[in-house]
Amino acid sequence: MNFTRWSARLPGTQRRAAARTEQTASPDRRGEGSVPAARAEQLTDESPSVPAVDELRVREVLDRVPSLVALVHGPDHRIAYVNDAYTSAFGVRPLGERAREALPELDGLGLFPLLDQVQRSGKPRTVKSRKAPDGRSYTFTCTPVAEEGSSDGRGVLVFATDVTDHAEAAERLRASERRQRETAVTLQRSLLPQELEQPDDLRIAATYHPGGTEAAVGGDWYDVITLGGGRTALVIGDVMGRGVRAAAVMGQLRTAVRAYARLDLPPHEVLQLLDGLAAEIDANQIATCAYAIHDPNEGKLIYSSAGHLPILVRDENGTVLRAEEPTGPPLGTGGWMHTSGSIPLAPGSTAVLYTDGLVERRDADLDEGIAALERALAGATGTPQVVCDRLVRSAGVTPDHDDDVAVLVLQHPARTGADSELFRNAALELLGGVEAAPRARAFASGVLTSWRFPADLHDLGVLATSELVANSLQHGTPPMRLRLRRTDRRLIIEVTDGDDHLPRRRRAEPGDESGRGIAIVATIASNWGCRRTPGGGKAVWCEFALPRTQPT
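Counting along the sequence shown from 1, when you hit position 102 you're at 197 in our numbering, and nothing is skipped either side.
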């Protein structure tokens with residue numbers, strides 16, 4: 096094989112030769128082709144002669160190159176040359192033999208299709224960091240070369256650079272990133288609810304999908320909080336950013352939401368408190384959040400949003416409503432007064448709360464993603480978990496998805512038949528006066544009897560009603576109302592009035608004429624609480640757990 100003629104066809108050789116020829120043939124017009132005296136003197140007298148690249152022996156150069164070099168020729172890739180580095184790595188290779196038999200290491204690396212492609216196209220190709228049988232990693236560059244007058248086609252020069260150190264460093268980095276991601280995912284999942292609370296009046300399911308292996312876990316979260324008195328708080332949020340830090344901030348916000356929810360505040364007041372806390376945790380960490388409260392007596396969701404995506408509600412006819420307003424800025428921005436809005440959630444309805452990973456795509460507008468989710472929800476039926484899974488599938492969420500996804504689905508079932516007998520309501524307007532308390536006790540006794548409660552639970556319910564009504568008559572203002580509600584698990588007694596002063600439990604001294612009503616209620620009931628109502632005034636409630644074998 097004539098390496099001089101092969102080298103003339105290597106990339107760059109002809110360009111450099113043409114450039115030298117052009118410089119020789121094009122004299123400098125300012126000096127009419129002459130070299131300045133000082134420069135000429137330096138070149139002729141002081142500088143030793145340097146041989147041109149064309150004068151170097153190609154074989155000697157390639158033999159001393161530390162990279163692996165092999166030259167194959169013809170359509171069956173017969174070996175024309177391997178350098179010393181190649182021989183040291185893989186052993187002596189016979190010249191003239193077919194590469195598929197004589198260079199099995201290239202076959203193991205899957206390079207022969209690449210050789211065929213380079214030979215056909217005449218364009219160089221590179222494959223990065225492939226591990227060879229000797230245990231080291233190489234980056235292979237295959238360059239087409241041709242010999243003038245050859246009748247059997249192009250050859251291919253295979254140039255392999257040892258990148259083992261780089262590959263091992265990259266693998267260590269990937270392993271470290273995997274460990275960090277596993278830590279973040281573990282932290283994220285441990286901070287999410289391990290088991291969702293299931294309110295009496297709602298059926299709820301949720302799902303969380305961390306981003307793919309190439310994406311660090313984010314700060315998506317959800318929660319379900321039973322507030323007592325039949326009311327339920329639903330939360331979903333998303334902390335911007337990735338990794339352990341985002342998951343840790345998410346955990347702090349979720350804990351704070353549960354604490355604020357126990358105050359039984361309106362949704363916008365909860366977000367107002369959460370906004371200040373988010374700024375204290377990390378002024379540079381932004382989070383979105385939607386907080387909603389469901390009251391079965393009102394048949395709607397009262398909600399507030401801090402930069403989060405709109406809640407979607409599908410009614411029993413399949414029509415999907417979008418809770419557009421009101422929406423404030425994300426948490427942590429400060430200076431904004433959040434407000435609450437409402438959206439109907441009648442029996443037979445399904446509501447969906449979700450994070451942006453479900454609807455946001457790089458190649459599509461966010462509104463298009465929300466519209467697609469609306470269409471999917473319109474046709475999604477079944478249990479909350481079935482609806483949840485269908486929405487995730489319809490959005491194309493896979494294990495390789497590039498963002499976290501959290502979805503919370505709740506249904507307000509439409510109960511009929513015997514099941515409806517387990518969910519009953521009764522209410523009485525209290526006009527005040529000395530006859531209000533006896534009238535309330537008689538009303539409660541009649542309702543509890545009609546609901547076939549055991550005698551002991553009947554008596555406790557009448558006593559709790561008497562104490563709550565007496566407390567409202569003494570400390571509250573009109574309008575006053577008594578409401579009794581039963582579910583399949585509990586009896587709820589609630590009294591509302593127009594005064595917004597919240598009662599508290601205290602120890603009454605022997606000489607005190609008042610202060611024992613709330614203490615009595617707290618002692619006999621399973622749970623009790625109070626809250627301010629949106630239109631002004633307050634509600635004081637208590638609840639009793641029903642026996643498991645409650646007759647209907």
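All residues carry an ideal CB built from backbone N, CA and C; glycine is no exception.
CB contact flag (residue i, residue j, <9 Å)
i, j, result
"residue 472", "residue 486", "yes"
"residue 301", "residue 288", "yes"
"residue 253", "residue 210", "yes"
"residue 325", "residue 619", "no"
"residue 643", "residue 621", "no"
"residue 387", "residue 373", "no"
"residue 560", "residue 522", "no"
Whole-angstrom C-beta distance between residue j and residue i, which should lie under 8 Å
i, j, result
"residue 440", "residue 507", "5 Å"
"residue 582", "residue 295", "4 Å"
"residue 525", "residue 576", "6 Å"
"residue 361", "residue 437", "About 11 Å; that fails the 8 Å criterion."
"residue 385", "residue 448", "6 Å"
"residue 563", "residue 635", "6 Å"
"residue 76", "residue 330", "Because the chain here runs from 96 to 647, residue 76 falls outside it and cannot be looked at."
"residue 327", "residue 389", "5 Å"
"residue 181", "residue 165", "6 Å"
"residue 332", "residue 348", "6 Å"
DSSP three-state assignment for residue i, whether helix, strand or coil
i, result
"residue 461", "helix"
"residue 575", "strand"
"residue 188", "coil"
"residue 424", "coil"
"residue 419", "coil"
"residue 275", "helix"
"residue 205", "coil"
"residue 477", "coil"
"residue 282", "helix"
"residue 333", "strand"
"residue 338", "helix"
"residue 639", "strand"
"residue 663", "Because the chain spans 96 through 647 in this model, residue 663 falls outside it and cannot be assessed."
"residue 390", "strand"
"residue 376", "helix"
"residue 175", "strand"
"residue 403", "coil"
"residue 381", "coil"
"residue 346", "helix"
"residue 506", "strand"
"residue 168", "strand"
Span separating the alpha-carbon of residue i from that of residue j
i, j, result
"residue 452", "residue 277", "19 Å"
"residue 239", "residue 176", "14 Å"
"residue 623", "residue 460", "47 Å"
"residue 602", "residue 339", "46 Å"
"residue 156", "residue 162", "11 Å"
"residue 501", "residue 407", "14 Å"
"residue 313", "residue 303", "11 Å"
"residue 600", "residue 544", "29 Å"
"residue 611", "residue 630", "28 Å"
"residue 228", "residue 199", "10 Å"
"residue 322", "residue 260", "59 Å"
"residue 378", "residue 286", "22 Å"
"residue 396", "residue 292", "18 Å"
"residue 391", "residue 352", "22 Å"
"residue 359", "residue 427", "22 Å"
"residue 297", "residue 514", "14 Å"
"residue 422", "residue 454", "18 Å"
"residue 266", "residue 202", "24 Å"
"residue 555", "residue 628", "26 Å"
"residue 204", "residue 369", "56 Å"
"residue 456", "residue 527", "60 Å"
Candidates the options, of which the one nearest residue i by Cα
i, options, result
"residue 676", "393, 469, 484", "Absent from the structure is residue 676, since the part of the chain shown begins at 96 and ends at 647."
"residue 343", "205, 413, 325, 315", "315"
"residue 558", "637, 268, 497", "637"
"residue 590", "532, 548, 510", "532"
"residue 232", "205, 263, 215, 626", "263"
"residue 499", "284, 191, 305", "305"
"residue 475", "517, 410, 539", "410"
"residue 580", "349, 555, 517", "517"
"residue 174", "250, 367, 376", "250"
"residue 571", "587, 491, 560, 593", "593"
"residue 414", "493, 207, 445, 554", "445"
"residue 419", "412, 400, 425", "400"
"residue 465", "416, 179, 595", "416"
"residue 213", "192, 224, 235", "235"
"residue 530", "568, 206, 220", "568"
Contact with chain D by residue i, beta-carbon distance below 9 Å
i, result
"residue 347", "Within the model displayed, chain D is absent; a lone protein chain is all it includes."
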